[in-house]
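Undergrad: Chains as they are written, first to last, in my numbering: chain V, 313 to 572; chain U, 11 to 302; chain S, -19 to 301.
Dropping the structure in here first, questions after.
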Amino acid sequence: MRRFIISLVAAVAVVLAIGGAVVAGSGGGSTVTRARLERSLPTEFANLYAAQATMLGHRGVTPASLHPTAMCDKGGAVEPDVGPGSNWNCLVSWTDPDNPMPPEGYGKFELDVHTNGCWTAGGPSKLVGFATLTDTSGREVPNPVAEFDGCFDPNGDNSPTGVEFPSLLNVTTTALRPDAQRRVAVQATCGTGSTGCHGSVTATAGDTELGTVPLEVEEEQTATLAFPTPVPAGASEVTFTFHVTQGVGPSKPVTLEMPA
Amino acid sequence: MSTTTLTRPDAAAARASGGRTSVGLGAAVRWEARKLRAQLRTKALLVGALLAPVAVVVVVSAQSRPPKDTLFGRFATDNGYAMALLVLGFASQWILPLVTAVVAGDIFASEDQHGTWKTVLTRSVSRSRLFWAKVLVAVVFGLVALVLLAGATIAASLVVVGQSPLTGLSGQTIAPHAALGLVAASWATAAPPLVAISCLAILFSVWSRNAAVGIAGPVVAAMVMQLVGSLGGIEAVRPYLLTTPFEAWHGLLAEPRFTGPLVDGVLTSAVWSVAALAAAYVILRRRDITGG
Amino acid sequence: MTTTTRAESDGDAVDVVGVTKRYGPLVAVDDVSVRVAPGEVYGILGPNGAGKTTLLRMLFGLIRPDSGTIHVFGRTWAHDGVRTLDHVAGFIESPKFYPYLTGRQNLEGLGLLDGTWDGRALGDRIDEALDVVDLVGREDDRVGGYSYGMRQRLGVAASLLRNPRLLVLDEPANGLDPAGIRDMRALVKRLASNGLTVLLSSHHMDEVEEICDNVTIMSRGSVAFHGTISDLRAMAPDPGHLLRTGDDAQAAAIGHDRHRDVAVEPAPGGGLMVTGPQHELSSFVADLVRAEVPLLAFTPTRTPLEELFFMLTDARSEEVA
C-alpha cells in the first residue's frame, strides 16, 4: 500500500511538472483565436442562413450571395482575444436584400467557445429570428441560425482577417434622476467593436445648454456622462446630442423626460 | 498402465532429444483468449455493448427537449446520424475507457488475484511471450467492444430516429449516404486512443497487481485528462492528453474537412501506448513472483 | 560462463551454487548450494521461513537470485531463458488454477503453454495424468469447487503433463489429511521408482525420511545439514522418552545413581524426561521395575531424526539470535 501511494504521488508530481513546463514554455498556447473564429463563424452562418431562407421560401439566397464577414472579440478591450470562454462576441455582416443590416452594419452574435475549437453561437433575434420559425408548409421548426454549433480546425489559418467594425454607442439611461442641484447625468455603453467610442455629447433643456462633455468609452464599457449646468426649473425634458468621431452613435438626438 | 508412459524416463529422454520447442505467441494468445471467453464478465460486457446503445438511443430520442449542450445534441431527436455522433461524444468521455479497461485492467492483475503467475510461468512460455499475448488479447477485445458499440449505436439510431440529411459542423448539409460513412469513420477514430487507454490499463494492472486499480485507474485518468483538457489557460497540454484524440472526429464533419487533429491523435496515442507498454514490460520482466 | 562449467554441471539434474537472495535487510537464502543427481529423490527440509520455497522459486525462474548460479540439466536462466524448464515440472507452495475453468480446461491451457498443439495427443495425456492422480470423473467440474487435496492432485497432474525428467514438489503434503498424505507419498515413490528425479521440500522429517535419498536441511536461509539419510541417522541424538511413574523422586534417584549415561530431568508438563542410549534405557526401566517403582507410562517423545532436525534448526536460530 505504501509503495502504491508513493508511486502514485511520484507519478502525479511528474505529470504536474511536465504539464507546468509545457504550459510555461508555450505561454498558454490556446488554439482558440480571433482569426479562426472570424473564418469559422461566417462560413457556417452563411450555410445555415441559406438553409433558413429555403425553409422560409425566400429565393435567391445562397451562402455565396451573403458575403458574410465577422469580427470577433473576447471580453472587450481589457482581455486579449484568445482562449476559450463564454464571453466571445462576434459582429457579423451579411447581404440579404430582404433583410437589410441595421445602421451600424452588423449583428452581434454571442459565442461560447471550448478549448477543443467547438463553439455555440446565439444570433441576434432582430436579424435572424427566434428559436423556432414557421416554414413554407406551416410547420413550427427549429430556426437553424438562432443557435448553432460549429468547430474550427485548431491548426487552421490564424492570420488576421482584417475585418473590423465600429463599436455601437447606446444610451442605457431610461429615466433621468437629477441630483439636489437639478444636474443630470446619462449612461452610455460602448459595444463590441474595433476602436471604442469617442466624440462628445451636448445636452440641452429647452433653450438652456447644459454643457458639452467629452465621450471616451472603451469597448464593452459603460460611462456616466454628467453635465455641470442645472436643468432650469421650467424644463420638462433634456435632449442629448451625440457627435461620435469613432464608433457609431445614435443618429438622432436622445430626449429624456425630467421627473415630475 | 498409464503411469509408465507418462513417467518412463526413456520416453521423456526421447521427447527431450526431439526437443521441446519454446511456446510461440500463438499458443499463448489462444490460451488468453480461451480464458477471456470463459469469464462471465467478458460476455456480459459484449452483450452490454450491443444492448446499452439501443436503450440510450430510445431514451434520448423520447426526450421532448434535445440535449443541446452536447455537440450534435440539438439534432439528435430527429436525425439518426446526429444521434450516433451524440452518443460517440458521450461514450468517449468515460464509457469507452471503462469498457476497454474492464478487460485490460484485469488481464494481468487476475493472475495475481488467482495466484496463477507461478502456474503459467513454470510451463514453457517466457514472460515476454505471455506479456505480448495478454496485450494483444486485451487490445483486440477493446477494439471488438468498440466495433459492437459503434454498430449497435448507428443501427439503433438510424432505426429509432431515422435518416435525414445531416447538418455538419460548418453548417453544410450532408447527404444520408455520405453521412453514414462519416459517422462510421468518426467512430473508427476512437480506436487509436482506445488502444492507448488499453495500454494504460495494462500498465496499471501490471504495476498495481490489483484488478480494481487496473480498471478504475485509466478511467479516472481519462476523466482527469478530460477535465484538464477543457480548462482554459493550460491548453498547451492538450496535444499531450489522451482524451484529445477522442475529439479528432470533429474535423471529419466540417467543411472543408480537417484531419490535422486526427494525425496528431494517432501520434499521441502511439506515444502513450508505447510508453505504457514499455513500462509495464519492464515491471513484469523484473518482478520477483513471490505470491500465489 | 565457460563451456567447462556447463559440461561439468551437465551431469546433474540440479546444480545450485552459492545462491543468495536478499529482501532488504532480510537474507532469505544465504549462499546455498544444492546438487541433485539424476534419478534420486532429494529432500529440502526446514521449518517454515527457512528459505526452501524461495530457493525453489529461483530454480523455476520466478525469482532472480542476487548472486550464485543455478543449472538445471546444464541450463541456466541467463543463458537459456524459459528453456531451462524444458525437462522440469512441479509446483511451488499449493498449486493454483483458474477457478472459473474446469480441471480439464486448466490442463488443456497449460498443455498449450507447454507447446502441445495436437489437441488429441494432449487429450490423451490429460486422461492419463488424471488417471494417475485419481481425479477421473471430476475433471469437468470447475476448479473453484475442488477441495484442497484435489487441487494438490491436479497440480501433480499438471506437472506430469510436461513429461518431466525432474519433478519439483514444494510441501506436497501440506494441507492434506492423513489419507491424502499417504496417497501423495505413495505417488511420489511410484514416480521415483520409474526413474523420475524428484526434488521435494518439506518441514516434516518423517516425510523426507520415508521417501528421500539425500537431504539438505535449511534454517534461516542457509544450509544446516547436507548428506544422505543414513548420514543423518548416524548423527541423530539418543531418543528422548517421557516417563510417568507413581514415584518420580525415586525414579530420578535410581537414574542418577545407577545410570550415568541416562539423563533424567523433570519434564515441563509433569513426569520425567529421560534421554540416553537405547540399551541403557532398557536396563534403567528394568531397574525401576526391580525397585518396585510404579510404572505408568514410558513413551518416546520425538523420533531421533526429528530431534536432530529441531537441534539443527533451533541451534542455528539461537546462533543467529
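Heads up, the beta-carbon is just placed ideally off N, CA and C, and yes, glycines get one too.
Report the rounded CA-to-CA distance for LYS420 of chain V versus PRO63 of chain U, giving the unit in angstroms.
TA: Between LYS420 of chain V and PRO63 of chain U, the C-alpha separation is close to 39 Å.
Undergrad: If we define contact as Cβ-Cβ less than 8 Å, is TYR291 of chain U a contact residue for chain V?
TA: Chain V contact via Cβ: absent.
Undergrad: Under a Cβ-count criterion, where at least 16 other Cβ atoms within 10 Å of its own Cβ denotes burial, should TYR91 of chain U be classed as buried or exposed?
TA: Its Cβ being crowded by 16 or more others within 10 Å, TYR91 of chain U is buried.
Undergrad: Give, in chain order, every residue of the stretch 88 to 108 of chain S whose Cβ lies closer than 9 Å to some Cβ of chain U.
TA: If the cut-off is 9 Å between Cβ atoms, the stretch 88 to 108 of chain S has GLU88, GLY89, LEU90, GLY91, LEU92, LEU93, ASP94, GLY95, THR96, TRP97, ARG105, ASP107, GLU108 near chain U.
Undergrad: Under 8 Å by Cβ, that's how I've got ALA517 of chain V and ALA547 of chain V pegged, so tell me the actual separation to the nearest angstrom.
TA: About 4 Å; that satisfies the 8 Å criterion.
Undergrad: Could you compute how far the alpha carbon of ALA198 of chain U sits from the alpha carbon of TRP259 of chain U?
TA: Looking at the two C-alpha atoms, the distance is approximately 9 Å.
Undergrad: Count the CB pairs spanning the stretch 180 to 192 of chain S and the stretch 140 to 152 of chain S that are closer than 8 Å, and state whether there are at least three.
TA: These segments touch.
Undergrad: Cβ of GLY129 of chain S less than 8 Å from any chain U Cβ?
TA: GLY129 of chain S does not count as touching chain U.
Undergrad: May I ask you to report which of helix, strand or coil DSSP gives PRO186 of chain U?
TA: Note: PRO186 of chain U maps to helix in three-state DSSP.
Undergrad: Helix, strand or coil for GLY511 of chain V, going by three-state DSSP, please let me know.
TA: The answer is strand: DSSP assigns GLY511 of chain V an E or B state.
Undergrad: Closest Cβ-Cβ distance between ALA264 of chain U and chain V: below 8 Å?
TA: At least one chain V Cβ lies under 8 Å of ALA264 of chain U.
Undergrad: Can you look up GLY395 of chain V in the DSSP assignment and give me helix, strand or coil?
TA: If DSSP states are grouped into helix, strand and coil, GLY395 of chain V belongs with coil.
Undergrad: So which of V:PHE554, V:GLU531, V:HIS555 has the shortest CA-CA distance to VAL390 of chain V?
TA: Ranking the options by Cα distance to VAL390 of chain V, first place goes to V:GLU531.
Undergrad: Relative to chain U, which residues along the stretch 65 to 79 of chain S have a C-beta separation below 9 Å, given in chain order?
TA: The stretch 65 to 79 of chain S vs chain U, Cβ under 9 Å: LEU65, ASP66, HIS67, VAL68, ALA69, GLY70, PHE71, ILE72, GLU73, SER74, PRO75, LYS76, PHE77, TYR78, PRO79.
Undergrad: Applying the criterion that 16 or more other CB atoms from any shown protein chain within 10 Å of the CB defines a buried residue, is HIS59 of chain S buried or exposed?
TA: Flag for HIS59 of chain S reads exposed.
Undergrad: When you compare only the Cα positions, how much space is there between PHE552 of chain V and THR473 of chain V?
TA: Cα-Cα distance, rounded: 36 Å.
Undergrad: Which residues does DSSP list as the beta-bridge partners of ASN28 of chain S?
TA: The partner list for ASN28 of chain S (beta bridge, DSSP) is empty, contrary to what the question assumes.
Undergrad: Of the residues that make up the stretch 327 to 348 of chain V, which ones have a beta carbon closer than 7 Å to any beta carbon in chain U?
TA: Within the stretch 327 to 348 of chain V, the residues whose Cβ lies closer than 7 Å to some Cβ of chain U are GLY331, VAL334, VAL335, SER338, GLY340, GLY341, SER342, THR343, listed in chain order.
Undergrad: Closer than 8 Å is the cut-off here; do at least three beta carbon pairs connect the stretch 499 to 517 of chain V with the stretch 360 to 377 of chain V?
TA: No contact exists between the stretch 499 to 517 of chain V and the stretch 360 to 377 of chain V.
Undergrad: Can you name the start and end residues of the alpha helix (DSSP H) that HIS236 of chain S belongs to?
TA: Start and end: 228 to 238.
Undergrad: Per DSSP, LEU147 of chain S is paired with what?
TA: Answer is S:ALA69, S:VAL178, bridged to LEU147 of chain S.
Undergrad: By the three-class DSSP mapping on this structure, what secondary structure does TYR91 of chain U have?
TA: Helix, per DSSP.
Undergrad: Counting only beta-carbon separations shorter than 8 Å, does ILE244 of chain U have a partner in chain S?
TA: No, ILE244 of chain U does not count as interfacial toward chain S.
Undergrad: Using DSSP with H/G/I as helix, E/B as strand and the rest coil, what is VAL135 of chain U?
TA: Coil, per DSSP.
Undergrad: Does VAL62 of chain S have its Cβ less than 8 Å from a Cβ in chain U?
TA: Chain U contact via Cβ: present.
Undergrad: Measuring CA to CA, which of V:ASP408, V:GLY395, V:GLU521, V:LEU445 is closest to ALA362 of chain V?
TA: When only C-alpha atoms are compared, the closest one is V:ASP408.
Undergrad: Work out the CA separation of GLU42 of chain U and ALA148 of chain U for me, nearest whole Å.
TA: Looking at the two C-alpha atoms, the distance is approximately 9 Å.
Undergrad: DSSP three-state label for ARG248 of chain U, please.
TA: Three-state result, ARG248 of chain U: helix.
Undergrad: Name the residue from V:GLY417, V:ASN399, V:GLY397, V:SER398 whose alpha carbon lies nearest to the alpha carbon of TRP406 of chain V.
TA: Selected option, being the one with the closest Cα: V:GLY417.
Undergrad: On the three-state DSSP scale, how would you describe ASN482 of chain V?
TA: Note: ASN482 of chain V maps to strand in three-state DSSP.
Undergrad: Interface residues of chain U around HIS426 of chain V at Cβ under 8 Å?
TA: Chain U residues near HIS426 of chain V: SER240.
Undergrad: Identify whether GLY48 of chain S lies in helix, strand or coil by the three-state DSSP scheme.
TA: Strand at GLY48 of chain S.
Undergrad: Apply the 10 Å Cβ neighbour rule to LEU277 of chain U and answer buried if 16 or more other Cβ atoms are within range, or exposed otherwise.
TA: Classification for LEU277 of chain U: exposed.
Undergrad: Between the stretch 531 to 544 of chain V and the stretch 503 to 522 of chain V, are three or more C-beta pairs nearer than 8 Å?
TA: Contact between the stretch 531 to 544 of chain V and the stretch 503 to 522 of chain V is present, because at least three Cβ pairs lie under 8 Å.
Undergrad: How close, in whole Å, do the beta carbons of ASN577 of chain V and THR345 of chain V come, if the pair is a contact with beta carbons under 8 Å?
TA: Here chain V covers residues 313 to 572 and nothing more, so residue 577 of chain V does not appear.
Undergrad: Under a three-way DSSP split, which group does TRP57 of chain S fall into?
TA: Helix at TRP57 of chain S.
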